[in-house]
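Below is one structure, written out as structure tokens; comments come after it.
Numbering (the numbering used here), first residue to last: 8 to 118.
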């Protein structure tokens, strides 16, 4: 999973993505998106508020990489922003294969 901050007026919004395993389809999961205010209000652990909204099903692989100005890394230390972020998703194509979806963005405020 990873967290981003959504734009908007007023309070900061925290947007979190994660893949939840699909018990009916072993080896796949569903990408969930959850948006909260920062800091997030306390909620009960079983609350649907924590569950998030389904974005995409049949996920087989989910990757996040950060660009440090020289190389792409799969880990990042808090405190600084990477110069770029790449998100990759592998989706079950229904024919024993995986369709790869990937996007990258630069972060102009990073140093």
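Just so you know, even glycine gets a beta-carbon here, dropped at the ideal spot from N, CA and C. Small disclaimer: the values here were computed from a predicted structure and weren't measured.
Opposite residue i in the DSSP bridges: which residues?
{"i": "residue 106", "result": "98"}
{"i": "residue 91", "result": "74 and 113"}
Anyone know if the C-beta pair for residue i and residue j falls short of 8 Å?
{"i": "residue 108", "j": "residue 96", "result": "yes"}
{"i": "residue 29", "j": "residue 23", "result": "no"}
{"i": "residue 72", "j": "residue 80", "result": "yes"}
{"i": "residue 90", "j": "residue 75", "result": "yes"}
Taking 6 Å as the limit between beta carbons, can you name the residues of its chain near residue i, skipping five residues before and five after?
{"i": "residue 88", "result": "114 and 117"}
{"i": "residue 120", "result": "Here the chain comprises residues numbered 8 to 118, so residue 120 is not present and cannot be evaluated."}
{"i": "residue 38", "result": "26, 62, 63 and 66"}
{"i": "residue 70", "result": "95"}
{"i": "residue 43", "result": "21"}
{"i": "residue 55", "result": "Below a pLDDT of 50, predicted positions are generally treated as unreliable, and residue 55, at 48, falls in that range; no measurement from the model is reported."}
Spatial neighbours of residue i within its chain, please: CB distance less than 8 Å, with the 5 preceding and 5 following residues excluded, ordered by chain position.
{"i": "residue 60", "result": "39, 40 and 41"}
{"i": "residue 31", "result": "none"}
{"i": "residue 119", "result": "Beyond the ends of the chain as shown, which are 8 and 118, falls residue 119; an answer cannot be given."}
So what's residue i in DSSP terms, helix, strand or just coil?
{"i": "residue 112", "result": "strand"}
{"i": "residue 55", "result": "The predicted model places residue 55 with a pLDDT of 48, which falls under 50 and marks its position as unreliable; any figure quoted below should be read in that light. Reduced to three states, the DSSP call for residue 55 is helix."}
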